[in-house]
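First up is the structure itself, then whatever we jot down about it.
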Amino acid sequence: MSIPLVAVYNRNMKIALEELYRILLGIILIMVAVLIIGTLFGLTKGSVNRQFSQAVETNQNDVIEESYFTGLGRIRAQTAAPKQATVLVTIIFPYNKQDIAFTEELSSHIPQFKEITIAYFASQSAECLKKLGESAIKDELLLRFNKQLRLGKIETLFFNDYLVID
């Protein structure tokens, strides 16, 4: 009695598929075990927390890289009556550009800062502005700008340009 060739082929194919299935299952189990062991090792050793705290310490020890915020550009405003004048002013101020959250807050407040500046100059006459002087004007604008901010404060304002044109 002879075994048909198709039956031998099917039996050999079945054995080969079972062996391939076992090999793939073994590889998958090894990968899952490595992932679990690596996760447990990382959590117990606190490597994530240690790396995070080292990054925070490194940022605190870095020298603050100061830059100047120039996003307001040149602002043109009209003074109050009786004799209106035009005020041209370019306001800049130092800030820590590594403080990304504060930088984003400053950028989001550009329209408000411009409105505050225009409203301030519109409420003052040209004569009053001349009497006050740049220092008092900067102090008042600084106070008004800082009322808008939540994540930090502007320390000082500078005028690159300041012209009162009668």
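The sequence shown runs 581 to 746 under my numbering. Ideal Cβ placement from N, Cα and C applies to all residues, glycine included.
Are three or more beta carbon pairs between the segment 649 to 657 and the segment 686 to 703 nearer than 8 angstroms? As far as the Cβ criterion goes, the segment 649 to 657 touches the segment 686 to 703, which means the pair count is three or higher.
Quick one, are the C-beta atoms of Q728 and Q692 less than 8 angstroms apart? Walking along the sequence shown from the start, residue 728 turns up at place 148. Walking along the sequence shown from the start, residue 692 turns up at place 112. Yes, the Cβ-Cβ distance between Q728 and Q692 is below 8 angstroms.
Under 8 angstroms, do V669 and K710 count as touching if we go by C-beta distance? Here residue 669 refers to the residue found at position 89 of the sequence shown. Here residue 710 refers to the residue found at position 130 of the sequence shown. At the C-beta level, V669 and K710 stay beyond 8 angstroms of one another.
Can you give the Cα-Cα distance for E646 and L623, rounded to whole angstroms? For the purposes of this step, residue 646 is taken as residue 66 along the sequence shown, with counting starting at 1. For the purposes of this step, residue 623 is taken as residue 43 along the sequence shown, with counting starting at 1. For the pair E646 and L623, the Cα-to-Cα distance works out to about 37 angstroms.
Grab the span of the beta strand (DSSP E) containing L668 for me, first residue to last. For the purposes of this step, residue 668 is taken as the residue at position 88 of the sequence shown. Note, L668: beta strand (DSSP E), 666 to 676.
What is the DSSP secondary structure of A661, reduced to helix, strand or coil? Within the sequence shown, residue 661 is the residue found at index 81, counting from 1. Coil, per DSSP.
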